[in-house]
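Just so we're aligned: the sequence shown equals residues 4 to 324 in this note's numbering.
Where is the CB? At the ideal position from N, CA and C, for every residue including glycine.
Report on one structure; see the data block that follows.
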Amino acid sequence: MNWMNRREFLTASAMTAGALVAGSAPLHAASTAGAPGDFDFVFLTDTHIQPELAAAEGCAMAFKKVRSLPADFVLQGGDHIFDGLAVDRQRVDLVTQLYARTEQAVEKPVHHAIGNHDLFGVLPKSGLTPESAGYGKKFFVELHGPTYYSFDHKGYHFIVLDTVQPTADRSWEARIDDEQLSWLANDLGKVGPGAPIVVAGHVPLVSAASEYAAPTAQGGSGVAAAPVVARPQTTVGNAWQVLPLLEKHNVLAVFQGHTHINEVVRFRGVQYVTGGAVCGNWWHGTRWGIPEGFTVVSLRGGKIDWRYETYGFHSIDPQNT
Ligand SMILES: [Fe+2]
Numbered sequence: 004m005n006w007m008n009r010r011e012f013l014t015a016s017a018m019t020a021g022a023l024v025a026g027s028a029p030l031h032a033a034s035t036a037g038a039p040g041d042f043d044f045v046f047l048t049d050t051h052i053q054p055e056l057a058a059a060e061g062c063a064m065a066f067k068k069v070r071s072l073p074a075d076f077v078l079q080g081g082d083h084i085f086d087g088l089a090v091d092r093q094r095v096d097l098v099t100q101l102y103a104r105t106e107q108a109v110e111k112p113v114h115h116a117i118g119n120h121d122l123f124g125v126l127p128k129s130g131l132t133p134e135s136a137g138y139g140k141k142f143f144v145e146l147h148g149p150t151y152y153s154f155d156h157k158g159y160h161f162i163v164l165d166t167v168q169p170t171a172d173r174s175w176e177a178r179i180d181d182e183q184l185s186w187l188a189n190d191l192g193k194v195g196p197g198a199p200i201v202v203a204g205h206v207p208l209v210s211a212a213s214e215y216a217a218p219t220a221q222g223g224s225g226v227a228a229a230p231v232v233a234r235p236q237t238t239v240g241n242a243w244q245v246l247p248l249l250e251k252h253n254v255l256a257v258f259q260g261h262t263h264i265n266e267v268v269r270f271r272g273v274q275y276v277t278g279g280a281v282c283g284n285w286w287h288g289t290r291w292g293i294p295e296g297f298t299v300v301s302l303r304g305g306k307i308d309w310r311y312e313t314y315g316f317h318s319i320d321p322q323n324t
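Now the structure itself:
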């Protein structure tokens, strides 16, 4: 059974189930009631804003182009700044304020996902301790609220995941923690049968990124600086616990960031879309041939399509890969 047939099967099954219970229970959760509508949104990720490398000018160009598009809102896939992990309070405040000022140009609602570079002070090099104000995720939560959440828009259910977890040894790993797994199962359980769902998060649940380049000196894959098994940082280490939850539902796509490449992997009926990066190769040109850009997603009557758009930035220090 190919993915389209499976999707139709899921929807048909859900409609049948809904009809059976319609007399005693709502067919759809109230928040996703009604036929799925038509609209666009923008998935943009990995802005990595900083005062250097004309990054703020690049972000402003990207946000200005997004503003000109007929999109209802923006999903920001994380790594807003460069950097939070290894810096002190003065630097994180500087880059965060720069981001906030620059993002205003988008003039649309923005839903934020947390990236690994949005974690504050986690690496010992930062000079912080776990007791420091804003340490870890606290800094992000104070700015944007919960790190994982869901919302509804025009008959679609959106789920934003938190894929980055600080570790006790002052690093981080890509994982969906147990509490979030329970929340996700519960949240999916409340969505009406067959209702279309879009998922987003920073570190990919599924990606073939480790296949595209020679291993790095650190023993990683060209994108990871740590052994993949001991400390997953390229893809979510326990994706195997997440995928079965998603596969039971009408998940149209999962949008992901982190690797700065533009890629689609389709597995057991779910499409995993890695959405490039606004900063390209960390403001040094193209990343494995993929230019600076973002993803415009179109939803039409319960079906999904998307395109990758560049926005005309030229690095002042190109080191294209
Ligand atoms: Fe990034």
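- If you look at Phe42, you'll find it in the beta strand (DSSP E) that goes 41-47.
- Ala242 and Pro207 have their C-alpha atoms spaced approximately 9 Å apart.
- By the Cβ test, the stretch 64-83 is in contact with the stretch 36-51, since at least three Cβ pairs between them sit closer than 8 Å.
- Under the three-state reduction of DSSP output, Thr277 falls in the strand class.
- Distances from the CA of Pro199 to each of Phe258, Val77, Ala58, Val254 were compared; the closest alpha carbon is that of Val254.
- Non-local C-beta neighbours of Arg173 in its own chain, meaning closer than 7 Å and more than five positions away in sequence, comprise Val125, Leu126, Pro127, ordered along the chain.
- As a beta-bridge residue in DSSP terms, Val202 pairs with Ile162, Val257.
- For Lys306, the three-state secondary structure derived from DSSP is strand.
- Closest by C-alpha distance to Thr324, out of Val299, Ala57, Leu164, His263, is His263.
- When the Cα atoms are used, Gly148 and Ser210 turn out to be separated by approximately 28 Å.
- Taking 7 Å as the cut-off, one finds no heavy atom of ligand 1 near enough to the beta carbon of Gly278.
- Boundaries for Pro169: no alpha helix (DSSP H) harbours it, while the beta strand (DSSP E) harbouring it runs 167-169, taken from the DSSP string.
- Under DSSP, Thr313 forms a beta bridge with Gly296.
- Beta bridge pairing from DSSP links Ser153 with Ile162.
- Ser301 is bridged by DSSP to Asp43, Asp308.
- Contact between the stretch 79-92 and the stretch 52-60 is present, with at least three C-beta pairs closer than 8 Å.
- Taken through DSSP and simplified to helix, strand or coil, Asp91 comes out as coil.
- Around the C-beta of Val167, 16 or more other C-beta atoms lie within 10 Å, and the residue is accordingly described as buried.
- For Arg271, there is no enclosing beta strand (DSSP E), as DSSP gives it neither H nor E.
- DSSP places Gln183 inside the alpha helix (DSSP H), whose first and last residues are 181-193.
- Annotation: Gln79 to Thr48 spans about 5 Å, alpha carbon to alpha carbon.
- Scanning the stretch 92-122 for uninterrupted beta strand (DSSP E) segments of 3 residues or longer gives 113-115, listed from N- to C-terminal end.
- Inter-residue distance for Asp121 and Glu134 is about 17 Å (C-alpha atoms, whole angstroms).
- For the set Gly137, Arg234, Lys141, Thr313, the Cα lying nearest the Cα of Thr289 is the one of Thr313.
- In the DSSP assignment, Gln244 forms no beta bridge with any residue.
- If you draw a straight line from the Cα of Phe154 to the Cα of Gly195, it is about 13 Å long.
- In this structure the stretch 256-271 touches the stretch 289-309; the number of beta carbon pairs closer than 8 Å is three or more.
- Each residue's CA atom was taken as its position, placing His115 and Val281 some 15 Å apart.
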